[in-house]
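1 is the number of the first residue of the sequence shown in this note's numbering; add one for each residue after it. Beta carbons are placed, not taken as given, at the ideal position from N, Cα and C, and that holds for glycine. Read through the structure below, which is laid out as structure tokens, and then see the notes.
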Amino acid sequence: MARARTAIIAGNWKMHYGPNEAKHFVKEILPELGRVLYNSSQTLCILCPPSISLSAVRTALDTLPLSLQNYIELGAQNMYFEEMGAFTGEISPTMVRELCSTVILGHSERRLYFGETNETVNKKVLAALQYGLRPIICIGEDNEQHETGQTERVIQEQVRNCLCNFPEAQRDNIIVAYEPVWAIGSGKAATEEDASSVASMIRQLYRDMYSEEVASTLRILYGGSVTSENINEFMTHPDIDGALVGGASIKTDFVKIVRNVVGMM
Ligand code: PGA
């Protein structure tokens, strides 16, 4: 059965690969990634290096044939919500937009180490939409919440507070990444059943907030210890549209993940 939405595989490099290493890594993976994605209009791949390496990766992506540039995009890992000003160390939506189509927002590491809340994440998401960026909004329960049966409550709160107030015209350009915090970098991915039931819940919440039509366009990714070994299980569920990949995205395994997904489309 044909899938309802294009698949997305995003690679979150986290704090790995400065400009030089980024250049080398992209050179290593691009030829094969290009071959895999060539003629596959159903899968979008988004590379998200550290902000200091965005230019280096942009330069490499610009050498790709135009037909492929539609399927391999660039994303930032974070941004501030103001357009400019005295915010030392931050980058703005307009700066990100010069190089990228996409921005990851509200990653659990940003929430944990840099004090981001549902409210600041929502401000960033609204700014991203205003400046023409496609947000990947990260949500997910932590280990304690998972163990004490609070997943549903936490997800509801995050969806209602991070995905609210979207302008009508932009509600269909949203990506949510469900990333249970205990699964990130632990090698212990969620089960396909758990991931898919939360994905269905997220879509239902989005439906309740906006409409059936808008909810059918929402792309929901699973993230947390995704590898080429387990990606197929997640992709079998109709509510999971792809993955946000961390550790495996800075290795050649990333290309295998993309190849597996293309093979399932
Ligand atoms: P992981 O990270 O794939 O290394 O678990 C995922 C993420 O943090 O986005």
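- Non-local beta-carbon contacts of Glu28 in its own chain, meaning distances under 8 Å to residues more than five positions away in sequence, involve Thr252 in chain order.
- Between the alpha carbons of Ser211 and Arg171 lies a distance of about 10 Å.
- Secondary structure at Thr148: coil, using DSSP grouped into helix, strand and coil.
- Ile137 and Gly187 do not touch by the CB rule: their CB atoms are close to 25 Å apart, not below 8 Å.
- Proximity to Ser51 across Tyr71, Cys45, Ala76 peaks at Ala76, based on C-alpha coordinates.
- By the C-beta density criterion, Phe234 is buried, having at least 16 other C-beta atoms within 10 angstroms.
- Going by C-alpha positions, Leu33 is about 30 Å away from Val198.
- For Asn12, the Cβ falls inside the 7 Å cut-off from some heavy atom of the ligand PGA.
- The C-alpha of Glu21 lies about 17 Å from the C-alpha of Val255.
- Distances from the alpha-carbon of Tyr178 to those of Gly224, Gly149, Gln69 put Gly224 closest.
- If you check the CB distance, Ile250 and Phe81 do not come in under 8 Å.
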